[in-house]
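First the structure, in the form of structure tokens, and then the observations on it.
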Ligand code: SAH
């Protein structure tokens, strides 16, 4: 059983690597994979880099080359849902690619030839990740539901409003999660994802984002991972 821990940004990966006593670096698919242990469990940690294709390559390499049997993503996202505020934690039940559009051949958002727009995460692993997030960050607002992904940093109020109108149940927007959900469905590998809200995907998003990454996000990721892997 090898658990893969994926982050999109290097500050988050660094915080996870700090928890691993024996990680060894292996290069594959143009990336560094860190193989070792965390609380005695076999772990491979990696930086996906940003965007859906980078995330899909990372997930595929994790499964094919590193034998990952579960994948957990930790990262940040822009809040979309009413009441999803900076510093809150969102655990994904389901993912959708907000920029997928093969209409009129296929319904808006549906991934062609999959017959679906929404890709669920693994319910058991997601329950465990949600419990870990609540235990690690008891003061943070907590949400669970739909997270949407696309190859765009959403940083205007107009675009955030458009996404809210189009996908009223979306809690948060980011750039990787739905790609990994699709790869994990293809391979039958359980997947769970947690995101700390770094911005509200609005006109203030860019400034909020930079400060937040440095000050909060990496600590959140490490705390959640530690709680997830802590011996019961
Ligand atoms: N490097 C750039 C932007 C990073 S992209 C910078 O420093 O400004 C943002 C990353 O955080 C992605 O990995 C994405 O998954 C997530 N994210 C956070 N807020 C987001 C938003 N408002 N829209 C899209 N992705 C967001």
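In this note's numbering, the protein residues as written are 2 to 233.
Cβ atoms here follow ideal geometry from the backbone N, Cα and C, with glycine treated the same way.
Since the structure is predicted, the reported quantities are computational estimates derived from the model, not experimental observations.
beta-carbon residue i near the ligand SAH non-hydrogen atom, thresh 7 Å
i: residue 212; result: no
i: residue 146; result: no
i: residue 207; result: yes
i: residue 174; result: yes
i: residue 13; result: no
i: residue 200; result: yes
i: residue 184; result: no
i: residue 34; result: no
i: residue 51; result: yes
i: residue 195; result: no
Same chain, Cβ closer than 7 Å to residue i, five either side skipped, listed in chain order
i: residue 16; result: 219, 220, 222 and 223
i: residue 141; result: 88, 89 and 90
i: residue 131; result: 92 and 145
i: residue 178; result: 74, 93, 96, 148, 150 and 194
With 16 other Cβ atoms within 10 Å as the buried cut-off, status of residue i
i: residue 212; result: exposed
i: residue 8; result: buried
i: residue 143; result: exposed
i: residue 99; result: buried
i: residue 216; result: exposed
i: residue 189; result: exposed
i: residue 114; result: exposed
i: residue 92; result: buried
i: residue 200; result: buried
i: residue 207; result: exposed
Residue i vs residue j beta-carbon contact at 8 Å
i: residue 151; j: residue 176; result: yes
i: residue 87; j: residue 225; result: no
i: residue 18; j: residue 32; result: no
i: residue 203; j: residue 161; result: yes
i: residue 193; j: residue 56; result: no
i: residue 126; j: residue 71; result: yes
i: residue 168; j: residue 97; result: yes
Own chain residues within Cβ distance below 6 Å of residue i, not counting five before or after
i: residue 171; result: 81, 147 and 149
i: residue 51; result: 9 and 176
i: residue 238; result: Limits of the chain in this structure are 2 at one end and 233 at the other, which puts residue 238 out of reach.
i: residue 230; result: 39, 40 and 42
i: residue 133; result: 225, 228 and 229
i: residue 191; result: 71, 123 and 126
i: residue 62; result: 29 and 30
Same chain, Cβ closer than 8 Å to residue i, neighbours up to 5 away in sequence not counted
i: residue 108; result: 118
i: residue 209; result: 87, 199, 200 and 201
I'd like the ranges of any beta strand (DSSP E) spanning at least 3 consecutive residues and lying wholly in the segment 119-200. Runs of the beta strand (DSSP E) inside the segment 119-200: 119-121, 143-150, 171-175 and 192-200.
Entirely enclosed alpha helix (DSSP H) segments - the segment 38-70, minimum 4 residues: DSSP runs (the alpha helix (DSSP H)) wholly in the segment 38-70: 53-65.
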